[in-house]
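Below is one structure, written out as structure tokens; the observations come after it.
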Amino acid sequence: MKIKLQQKNFLIVLFLLTTMVRAQTLTQQAKVKIDTLNALISIAELKGIDVLKEKTTVRTAEVFLKYANWDENNITENTTYFELVARYKDNAAEMANLLPDFERTEINIMLQDAIDYLKLLNAGTVKRKASPHINWEQVTHQGDRLVYQGKSVFLADYTWKPSVDSLTEFHGNQDGFFLTPSYVTDKNGTIRNNIASELSSKPNGSTGFIFLNNKNVPNWAEQEYGLGFKMREDTYTNYDIDNPGAKEMMGMLLAGTVPNMADKKYSELGYMLCNEPHFFTQKDGDKLAWASGPVSSYSIEKFKTWLGNKHGSIQSLNNLWGTSFTSFNDVTIDIPIDVSLKGTPMWYDWAYFNMYRVTEWYTWLKSKIREYDTDAKVHLKIMPNLWTENERIHGIDFETLTTLSDIIGNDSGSENSPMWGGPYEWETHYAFDWRELCMGFDFMKSVSPEKITYNTEVHYLSTGKSRNLYQDPMYARATFWLAHVYAMTASQTWFWARQVDGSIRPNAGKGYGGSNNQQPRIVNEVASTMIDLNAYSDEIMEMQRLRKPIRIFYSKTSAINKSNHMDDLFELYEAMHFDGIPIGFATKDIINAQDANLWDVILVHETEFATEDEIAALQDYLDNGGTIIIDNISLQKNEYGQTSLSTLQVSSGTIINASTISSIKSQAYSILNSKNRFPAVTINETNSQGIKTCVWRCVQNNAGKQVISVVNLGKTASTLTIGLKGASEVYCKDLLKGIPVTTTPTLQPNEVYFVEVSETSYDESIEEYYEFEKADAETPGVIEPNPTGNAASTGWFFQHQNFSFSDEEKAFGDYSLKFDSSVGSETAYQAQGGGNTSPAGSKLNLAAGTYTAKLAVYIDNNSPSKVQTNIASPFKAITWNLSGLSTGTWHYLSQEVTLSETIASKLTFKILDSDIGTKPSVLYFDNLEFTEGSLSSKIINNDIKLMVSPNPSTGNVLIEVPDDFRYDIEVYNVLGSKVKTIENVSNPLSVSLENLGKGVFFFKTAYQGKTIVKRIIIN
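Just so we're aligned: the sequence shown equals residues -23 to -1, 1 to 996 in mature numbering (1 follows the signal peptide of the UniProt record, and there is no 0).
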């Protein structure tokens, strides 16, 4: 027995030691990878490559390594949380033990992926457009977008994430304030001292919103307003909104707090009036439906008044309800109402009134906030499935509340890994349930296209029902990408339930186990996706703004009366969802309020019930020349099921009858085709399912080329054939990789394909440089001033002696352009290159199009706030923001420049004296570069690669070429003279260039009919 016990103890110790060694090994591997990635980041920064992604990855790794250590030391606590999750409750202890090394393994995979990709970036194999590292303190809300430094941006953060630099630098820096009724301590409206003090001293902060909580009702309120004032305490509104005390209590809360929040940055994104409002009031026999509850006598009395206004006479109500009330005061109704009454006049009246009273409450809340903050913006965290699904007994009038809101609030979600129920219908064809995300956003933007959309509780990564610790990062990218293409502007993901030390928040609950809190690659992928979206924010915003030419008619009347109305509408929506045409919605209020030129046709499908007001809106649309396609069962009955509904008349419009979804779609597409509404790009899709599953959008960019976003929602791979109308040849460039790609891609489930489409090939880009090196003759494509020559020979004219060529600091080569304010005082300081007397090669020669402008800047002392590089003719001012740049290091700036016509022009560096604060100001400029395309470097055919590394080099380089390459490579100096020929190059080849001396050189060769040029610097 003793021997067996010793053996057992030995095995336990051995297991623990093995686990510790493995943990140390994985951690050590990760730390080595972090060091490697940081070294590559330093190299990339010297090359002017944007490395925001890689810096984010390093931070994510550091944070989750700490989390993994905490998890390793807290197995019991993690076991408890896994036990709360349906998927893991039976093996919770096993999951808790596996978790630390799972996290470390994921970190290593994440880091290795980043290392591999950054090597490609550094080698020039792939390219990247720079993305802004957003300062949330400087973001502003302008119409339907958020703006940072003049560009549209998208913001993302997490619920409950601690506000510490290690987490806010790369994973969101949302500010705000939390309000709750318990802050009011008595019936006199006294605000808790600590809250009042915190608000009065709270700084302006960064972009955020005010969370108006409607739980935590103080005890004094029920004593003051009567027993039952507290109610529905399992929902997010714990008081009776129809009790007059509700206005008094909430009014005191707002009066005592909002004045301190007005015009603050932390309230820039408005006041969220309620968290997930819902007021379900239904039952099924003796069974109370989810989240359903009673209403108070105040609600019933208000209902009686509403009935009187609606029906006019009690006899009219009795005829509809089949009752015999003597007056409206005598009306009774059993609430929660039984689902067996759905489709009856009583059901309709209660469901409609329930929406009315809730809307009335939020209308009052908005008006009260506006008393103390006249510019206040409001929104509600409405669950979109309250609209996309069939129920309408919840009190939420999605359209009216969206119209009421100044910001479109929501908590849009999706699911791909349900833990119970099913199989669900979406699982037949799709990788995830996209109905709420896509259809919901299309409705929101149909109602309020001029507003931003703020998802204050993103449920794409996980929901109460859908969770998977082993989630594919591609799913995270697909959902976040798709949401922004459709509508999303800002978001707060559910949730960050870890405290700074990695420990779990006490209220993490059932949502914690298996969530993003344990998924470093998922968190990193969300951040990476946001970086990509912000790099191409102009294109994404244009996709959000796309005209919705087809509108599906949505009738609240049919939705209330029918059991499956939204299922019927979704079938039609789904049938048209994958053809590159944005689908919108039309309602009575949309038709009455918006310009009918925003769409071409309204589809009325399976909409049996309607009100006379809805008919009137549709008739007005027809009277003004509109087109309606309608099936033979729609618009037959009024809200009470009576057939007395008015009939639509053709009038000045067009009515087309179509009985099936396919015929409705065919007729609608025929109209769009006649009006040339289809995109310039065509996409044909094939897959094993025989149906379309790739959703796509197409816009034209500033360069006049088509940009498409494609996401495969299907559960199987799909092959696309991408075409361009009127083009005999079609080429694609992956915008995220900056390289040519195929026009016939095969997309895996959840894969995103974001490409530019052109009829011209992406073989070579135009590159123009100002590199301040020794040269006194024309060099095609390169402008090279001579530090010791005169203006005519160098191509430069120094209007003021504050500018000079200097070898004191340089980013590339031996010289840079120096500015020193102490040399002399002027209103404006200028240095001009490419003037009339200059060599032809010193002019800036660029065709019309979009370019990346890059500039290296070194601040020695007291930087001006900005410098301009101005193109003379046609005039184009390129302003470089220098504010906040640190001294003693080179900074690599980049921005897009669009030229409307071809230029052969001089370029001027200009600094205004008024932009210089403290003097003297000393700084250096180097390597001003213009590259064709949006913030990407030289692009060559993906199959034609000439790699020279390292670059810059000390003289020994490695040349890498295609395997079948057997051609000569010519080397030219900046004067255009051939200085060396490398004959019959094969792959790979090591070459010494030390005898050439220091400077900038160009490798030139030809391959498959293409000319390839590669620039290299020898230091």
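Cβ coordinates follow ideal geometry from the N, Cα and C atoms, glycine included.
Comparing alpha-carbon positions, which option in the options lies nearest residue i?
i	options	result
THR377	TYR401, SER273, GLU392, TYR531	TYR531
TYR407	GLY703, VAL688, ALA16, SER799	VAL688
ALA563	LEU697, THR723, PHE420	PHE420
ASN190	THR846, GLY153, THR184	GLY153
GLN677	THR723, GLY285, GLU519	GLU519
SER871	ALA833, THR670, TRP47, SER877	ALA833
LYS682	GLN666, ASN653, THR737, SER629	THR737
ILE310	LEU862, LYS710, SER273	SER273
LYS138	GLU434, PHE79, ASP121	GLU434
GLU245	VAL116, MET332, ILE20	VAL116
ILE880	ILE848, THR856, TYR65, ASP892	ILE848
SER611	HIS542, PRO656, ASP572	HIS542
VAL35	ASN46, ASN50, LEU88	LEU88
SER143	GLY185, MET249, GLU39	GLU39
ALA788	TYR160, GLY976, ASN196	GLY976
THR804	ASN838, SER891, ALA830	SER891
PRO158	LYS224, LYS887, ASN112	LYS224
SER783	TRP673, LEU900, ALA704	LEU900
SER535	GLN613, THR631, ILE946, GLY185	GLN613
ASN779	GLY715, LYS896, SER882	LYS896
ASN928	ASP78, LYS565, LEU204, ASN996	ASN996
Which of helix, strand or coil does DSSP assign to residue i?
i	result
HIS148	coil
ASP326	helix
HIS542	helix
ALA455	helix
GLU199	helix
VAL477	coil
VAL316	helix
GLN571	coil
GLY285	helix
ASP590	helix
TYR65	coil
ILE916	Residue confidence is low: ILE916 scores 28 on pLDDT, short of 50, so the model does not pin down where it sits. Its coordinate-derived value is still stated next. Three-state result, ILE916: coil.
TYR531	coil
SER969	strand
LYS442	coil
PHE907	strand
GLY222	helix
ALA100	helix
GLY818	Only weak support exists for where GLY818 lies, its pLDDT of 39 falling under 50; the coordinates are left without a value.
PRO497	helix
HIS406	coil
Identify every residue that forms a DSSP beta bridge with residue i.
i	result
GLU733	VAL684, LYS710
LEU156	LEU189
SER129	VAL124
GLN119	ARG122
VAL689	At residue 689 the sequence reads Asn, which differs from the Val that was named. In the DSSP output, where bridge partners are listed per residue, ASN689 has CYS671.
SER781	LYS795
PHE562	ILE529
ALA485	In DSSP, ALA485 forms no bridge with anything.
THR698	ASN661
Below 8 Å, can you find three or more Cβ-Cβ pairs linking the region 490 to 505 to the region 159 to 169? In short, these stretches do not touch, since the Cβ pair count stays below three.
Please specify which runs of the alpha helix (DSSP H), each continuous and at least 4 residues long, are wholly inside the region 320 to 370, giving them in chain order. If only complete runs of 4 or more residues are kept, the region 320 to 370 shows the alpha helix (DSSP H) at 322 to 349, 362 to 365, in order along the chain.
Cβ pair count under 8 Å reaching 3, the region 377 to 396 against the region 658 to 678: no
Closer than 8 Å is the cut-off here; do at least three beta carbon pairs connect the region 597 to 616 with the region 624 to 640? Yes, they touch.
Pairs of beta-carbons, one from the region 289 to 299 and one from the region 169 to 186, closer than 8 Å: are there three or more? With a cut-off of 8 Å on Cβ pairs, the region 289 to 299 is not in contact with the region 169 to 186, counting fewer than three such pairs.
Are the region 468 to 485 and the region 64 to 74 touching by the rule of at least three beta carbon pairs closer than 8 Å? Judged by Cβ distances under 8 Å, the region 468 to 485 makes no contact with the region 64 to 74, as fewer than three pairs qualify.
Touching or not, the region 97 to 104 and the region 14 to 26, by the rule of three or more beta carbon pairs under 8 Å? Yes, the region 97 to 104 is in contact with the region 14 to 26.
Would you check if there are 3 or more beta carbon pairs closer than 8 Å linking the region 639 to 655 to the region 543 to 558? yes
Taking contact to mean at least 3 C-beta pairs separated by less than 8 Å, is the region 489 to 499 in contact with the region 316 to 329? no
Any contact between the region 302 to 309 and the region 201 to 221? By contact I mean 3 or more CB pairs, one from each, below 8 Å. no
Could you tell me whether the region 401 to 415 touches the region 338 to 351, where touching means 3 or more Cβ pairs closer than 8 Å? no
Touch test, the region 922 to 932 against the region 855 to 867, Cβ-Cβ under 8 Å, three pairs minimum: no
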